[in-house]
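Undergrad: One structure follows; several queries about it will come next.
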Amino acid sequence: LQIRQNLRQLAFRATFSFFIILAVLVFFLRYLRFAFIVQGSILVSVLGTLLLLFVARQTLNLFTLAGLALGFGILVDNSVVVLENIQNKLEQGLPLGTACQEGPLEVVQPVLASTLTTVVAILPFLYMTESLRLYYEPFAVTVTLALLVSLAVAFSLIPMSFQQSFRRHLMQEEAPPHFVRKSFQRFRGLYTRLLKGALRHPYLTLAVTLWMFGLPVWLLPNSWEVKDSAPGWEHKLANFYNAVMNTSWMQEAGPYLDYLLGGSVHLFFRYVERGELWNFGNETYVSAFVRFPRGTRIVDTDHAVQLLEQVVVGLPGVQQVRSRVYPDHATVTVRFTPAAQHSVTPFLVKGRLIARAVQIGNAGISVMGYGPGFSTGLGGVSVSEMLELTGYNYAELSRLTDDIRRKLERNRRVRDVRTDLTHQFMMSQETESSLTFYREELARFHIAAQMMIDYLNPYLIRYLYRQRLRIGWQEIPYILNAAEYSHFYLYKLQRMPLRFSNGVHSAVNLLADLRVENVPGVIERENQQYYRLITFDYLAPYRFAQRFMDQFVQTYSTPVGYHLKEAQFYLGGEEGEQRNIFLVLLLAVAFMYMILAGLYESFTYPILIFLIVPLSLIGVFLIYYLTDTVFNRSAYIGVIFMFGIILNNGIILLDRVNQLKMEARFHHFTEVLLAAGQQRLRPILITTLTTIVGLLPIVILSPRNGNPDIWYNLSLSTIGGLASGTVLGLVVLPTMVLLIERWKHRGKA
751 LQIRQNLRQL
761 AFRATFSFFI
771 ILAVLVFFLR
781 YLRFAFIVQG
791 SILVSVLGTL
801 LLLFVARQTL
811 NLFTLAGLAL
821 GFGILVDNSV
831 VVLENIQNKL
841 EQGLPLGTAC
851 QEGPLEVVQP
861 VLASTLTTVV
871 AILPFLYMTE
881 SLRLYYEPFA
891 VTVTLALLVS
901 LAVAFSLIPM
911 SFQQSFRRHL
921 MQEEAPPHFV
931 RKSFQRFRGL
941 YTRLLKGALR
951 HPYLTLAVTL
961 WMFGLPVWLL
971 PNSWEVKDSA
981 PGWEHKLANF
991 YNAVMNTSWM
1001 QEAGPYLDYL
1011 LGGSVHLFFR
1021 YVERGELWNF
1031 GNETYVSAFV
1041 RFPRGTRIVD
1051 TDHAVQLLEQ
1061 VVVGLPGVQQ
1071 VRSRVYPDHA
1081 TVTVRFTPAA
1091 QHSVTPFLVK
1101 GRLIARAVQI
1111 GNAGISVMGY
1121 GPGFSTGLGG
1131 VSVSEMLELT
1141 GYNYAELSRL
1151 TDDIRRKLER
1161 NRRVRDVRTD
1171 LTHQFMMSQE
1181 TESSLTFYRE
1191 ELARFHIAAQ
1201 MMIDYLNPYL
1211 IRYLYRQRLR
1221 IGWQEIPYIL
1231 NAAEYSHFYL
1241 YKLQRMPLRF
1251 SNGVHSAVNL
1261 LADLRVENVP
1271 GVIERENQQY
1281 YRLITFDYLA
1291 PYRFAQRFMD
1301 QFVQTYSTPV
1311 GYHLKEAQFY
1321 LGGEEGEQRN
1331 IFLVLLLAVA
1341 FMYMILAGLY
1351 ESFTYPILIF
1361 LIVPLSLIGV
1371 FLIYYLTDTV
1381 FNRSAYIGVI
1391 FMFGIILNNG
1401 IILLDRVNQL
1411 KMEARFHHFT
1421 EVLLAAGQQR
1431 LRPILITTLT
1441 TIVGLLPIVI
1451 LSPRNGNPDI
1461 WYNLSLSTIG
1471 GLASGTVLGL
1481 VVLPTMVLLI
1491 ERWKHRGKA
């Protein structure tokens, strides 16, 4: 049912993307005939990709199909550039046959470079860790094959179809609507005026761009300390810096300067949550695993399972409770109705099972929550929040740990506070029994505390006696076990009736407070500091849990020599996977640079193309800030994917700049930049908008209050980066090229 639903959603998104891409093509290409030619290239590319997947023995699954659906907007890029250049040749007065031959040949290098940079941006996905490669390898393979097929289609099918369908008299009869023609002319005129102004004031343009990206002024330290052996000028500079930073007006103006000068970088790093895990849309359920010592009767195991079932059966929102019982272990799985999966019900069920589990003795019980109901609501799994407390005295550290636990438990949203986790992320199997006597009750009934201990020892102590027995020449170890220990249930023991020798009848819970708690199995120490970990679940989305953590750490007062902070650890190998993503990013950038350097036979020319990358990051930062979305691993992968696409705009624009420069038809270099911008405006806008609108269905149709699929953040990163990279790149990139050209001439002079 879930697979059928996912396929239905995928088909709807693909259909929606197909028709909205057609609308964009009609608007910019102005002729319906040309739009159908380009749109037909999508169908041919998809069919060719399916054939190659069959030859490569790749299976069709949700991820390969998602790669095709997401690639609709990308598949038209090569076709648009080729068709647009053929049109330019016709407008220059060349015959139809000559235009269809020279047009594609003129853009072979930029189109090939654009395709290869996108491919090499995706290929490093194959070097991801196993858990990530499982989901992104089919996507990478599918998109790579689709891009290669679209490259072949662009240089074969597009010129042939254009030549066969083009008729000058038909073209005059099929003139585009007046508003379409006028709208694009006005937009091109606006762009031309904006580009002229930027080229007239290049340093101002560069300064505004730098301000939009942002200066990390909030990272400046409050003071600058230098060594005594430092030179005098460094001491003077440090004194001046400290005098400025320590003034009262600077302290007050600091937050305002962060906003004024921080730009998009400040908004992103200050307000966007980052670094959480995500899941892949599994069903929400809670599972309890029960393990007893070997030799336990199945009747006793079944009794423990029944105690767990009692606290969840019949609860609103619980759809099914399934138990499997074996002699020494059992599992209890609780599933929920669709309406309850994203509510607080799964957390309450998990809490009830944990509360009952600690009352069952002689058993190891673990309770875990899985699926979207335990996610942040934006693709993040709600793993326990974690605090780390360090100090020099272990006894005082334990006291502070208990105090923190009590304060956390007062919050209604906090569940399952545990203090027995080690830095190896293993829950301790060690338990500690504590017995607190009600001395007034003992005195009233004339009962000695030792009498209570004698009654309870057989239930609490596993080994009553250990010794070696000599039989002949051999010493044989033996252990005396208490029979009552194997039938120990905390809930029953607390209410067990007692009969003392003085004739008094009572119960354990009336005379004492009996508890069995997990304690750390080891005492951990590092850098002469003991440390303890406190974990808990917070029943709220990730960003609210993070705010609660920050506020708790800031407001909790610790003695001198003790420090409380948020533990910077990642369960499930998350830290290693994050490093792996950064490695993939570096590999992608290195591969793209090598491709461009090889195609253009230059080490400096690719650097000019890469100038568009920081411009695209502005959009990534802003879109996550404006949508209040968590920046997770899928977002990182989306940034890598976006880098390969946004470089296409820089390649197409700068390649045309070089061609016009070599033709030497213009007197000034600014005229070359203006002509290149005007001629490449339409193909750049078409390729960008078709990619954006191809991804829009994922962003628009993904549930904001549920658990969006893994493509949501990837699409969001791509849309934000392409939007800003295109708008700013069309203006800022020619301005940067102009400044570099001027600096070259000054260096020669």
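At position 440 of the sequence shown (counting the first as 1) the number is 1190 in our numbering, and the numbers step up by one without a gap.
Yeah, the Cβ is synthetic: ideal placement off N, Cα and C, and Gly gets one too.
Taking the alpha helix (DSSP H) that Ser-1366 belongs to, which residues open and close that run?
TA: 1362-1377 is the extent of the alpha helix (DSSP H) around Ser-1366.
Undergrad: So is Gln-1091 buried or exposed if we call it buried at 16+ other beta carbons inside 10 Å?
TA: Buried.
Undergrad: Rounded C-beta distance between Arg-1102 and Pro-1077? I'm assuming under 8 Å.
TA: Not confirmed; about 26 Å, so no contact.
Undergrad: Compute the beta-carbon to beta-carbon distance between Tyr-1280 and Tyr-1142, rounded to the nearest angstrom, for a pair I have assumed lies under 8 Å.
TA: Contact holds; Cβ gap of about 7 Å.
Undergrad: When the Cβ atoms of the region 1465-1472 are set against those of the region 1424-1442, are three or more pairs found closer than 8 Å?
TA: Touching, yes.
Undergrad: So, at 7 Å on beta carbons, what are the nonlocal neighbours of Ile-1448 in its own chain, with the 5 sequence-adjacent residues on each side left out?
TA: Excluding positions up to five away in sequence, the list reads Arg-763, Trp-1461, Tyr-1462 and Ser-1465.
Undergrad: With DSSP as the reference, label His-1255 as helix, strand or coil.
TA: His-1255: strand per DSSP, three-state reduction.
Undergrad: Secondary structure at Thr-1305, three-state DSSP: helix, strand or coil?
TA: Reduced to three states, the DSSP call for Thr-1305 is helix.
Undergrad: Exposed or buried, which one is Leu-1027 when buried takes at least 16 other CB atoms within 10 Å?
TA: Residue placement at Leu-1027 is flagged as unreliable, the pLDDT there being 43, under the threshold of 50; a coordinate-derived value is accordingly withheld.
Undergrad: Do Ile-1434 and Asn-1399 have their C-beta atoms closer together than 7 Å?
TA: In contact: Ile-1434 and Asn-1399 (Cβ atoms closer than 7 Å).
Undergrad: For the region 897-911 and the region 1383-1393, state whether three or more C-beta atom pairs, one from each stretch, are separated by less than 8 Å.
TA: Contact between the region 897-911 and the region 1383-1393 is absent, because fewer than three Cβ pairs lie under 8 Å.
Undergrad: Whole angstroms is fine: what's the gap from Glu-975's alpha carbon to Gly-1004's?
TA: When rounded, the distance between both Cα atoms is 20 Å.
Undergrad: Which of helix, strand or coil does DSSP assign to Ala-761?
TA: Here Ala-761 sits in helix by DSSP.
Undergrad: Please return the same chain residues whose Cβ sits closer than 7 Å to the Cβ of Lys-1494, not counting the five positions on each side in sequence.
TA: Taken in chain order, the list of residues that qualify is empty.
Undergrad: In the DSSP assignment, find the alpha helix (DSSP H) that holds Lys-1100 and state where it starts and stops.
TA: Looking at the DSSP string, the run of the alpha helix (DSSP H) that includes Lys-1100 is 1095-1107.
Undergrad: Would you kindly work out how many angstroms separate the C-alpha atoms of Ser-1037 and Val-1055, rounded to a whole number?
TA: Rounded to the nearest angstrom, the two C-alpha atoms are 12 Å apart.
Undergrad: Span of the alpha helix (DSSP H) holding Ser-1384?
TA: Element bounds for Ser-1384: 1383-1413.
Undergrad: My assumption, with CB atoms under 8 Å, is that Ser-864 sits in contact with Leu-825. Please give the rounded CB distance.
TA: Not a contact, Cβ separation roughly 13 Å.
Undergrad: What did DSSP end up calling Ala-1262 once you bin it into helix, strand or coil?
TA: The answer is strand: DSSP assigns Ala-1262 an E or B state.
Undergrad: My guess is that Leu-1403 and Leu-1483 are in contact by the Cβ rule of under 8 Å, so how many angstroms apart are they, rounded?
TA: That pair is a contact at about 6 Å.
Undergrad: Suppose you measure from the CA of Ile-1345 to the CA of Ile-1395; what does that come to, to the nearest Å?
TA: Looking at the two C-alpha atoms, the distance is approximately 14 Å.
Undergrad: Among all the DSSP beta bridges, which residues are the ones paired with Ala-1080?
TA: DSSP, once it has assigned bridges, lists Val-1040 and Val-1075 as partnering Ala-1080.
Undergrad: Could you check if Arg-1275 is buried or exposed, using at least 16 other CB atoms within 10 Å of its CB as the buried criterion?
TA: It is exposed - the Cβ of Arg-1275 has fewer than 16 other Cβ atoms within 10 Å.
Undergrad: Please report the distance separating the alpha-carbon of Arg-1149 from that of Gln-1296.
TA: If you take the alpha carbons of Arg-1149 and Gln-1296, they lie about 25 Å apart.
Undergrad: Thinking C-alpha only, which one of Thr-1095, Phe-768, Leu-960 and Leu-965 is nearest Ile-1362?
TA: Comparing Cα-Cα distances from Ile-1362 to each of Thr-1095, Phe-768, Leu-960 and Leu-965, the minimum goes to Leu-960.
Undergrad: So for Thr-1046, helix, strand or coil by DSSP?
TA: Thr-1046: coil per DSSP, three-state reduction.
Undergrad: Taking the alpha-carbon positions, what's the Thr-1308 to Ile-1436 distance?
TA: Their Cα atoms are separated by approximately 59 Å.
Undergrad: Considering only residues of the same chain and omitting the five flanking positions on each side of Val-1015, which have a CB-CB separation below 7 Å?
TA: Here the set comprises Phe-963, Gly-964, Pro-966 and Phe-1371.
Undergrad: Tell me which same chain residues have a C-beta within less than 8 Å of the C-beta of Thr-848, skipping the five on either side of it?
TA: Hits under 8 Å: Lys-839.
Undergrad: Specify the secondary structure class of Glu-1184 as computed by DSSP and reduced to three states.
TA: Here residue 1184 is Ser; the residue named in the question, Glu, does not match the sequence. In this structure, Ser-1184 counts as strand in the three-state DSSP scheme.
Undergrad: What is the C-beta distance between Ala-785 and Leu-779, in whole angstroms, given that I count them as a contact (C-beta under 8 Å)?
TA: Confirmed, about 5 Å.
Undergrad: Check whether the region 938-947 and the region 991-999 are in contact - that is, three or more C-beta pairs closer than 8 Å.
TA: No contact exists between the region 938-947 and the region 991-999.
Undergrad: If Arg-1165 and Phe-1286 are in contact, beta carbons under 8 Å, what's the gap, nearest whole angstrom?
TA: Between Phe-1286 and Arg-1165 the Cβ distance is about 7 Å, and since that is below 8 Å, they are a contact.
Undergrad: State the start and end residues of the unbroken alpha helix (DSSP H) segment that holds Met-962.
TA: Residues 952-963.
Undergrad: In whole angstroms, give me the CA-to-CA distance for Phe-934 and Ala-773.
TA: Computed Cα separation, rounded: 14 Å.
Undergrad: Taking the alpha helix (DSSP H) that Tyr-1144 falls in, what are its first and last residues?
TA: Unbroken alpha helix (DSSP H) run through Tyr-1144: 1144-1159.
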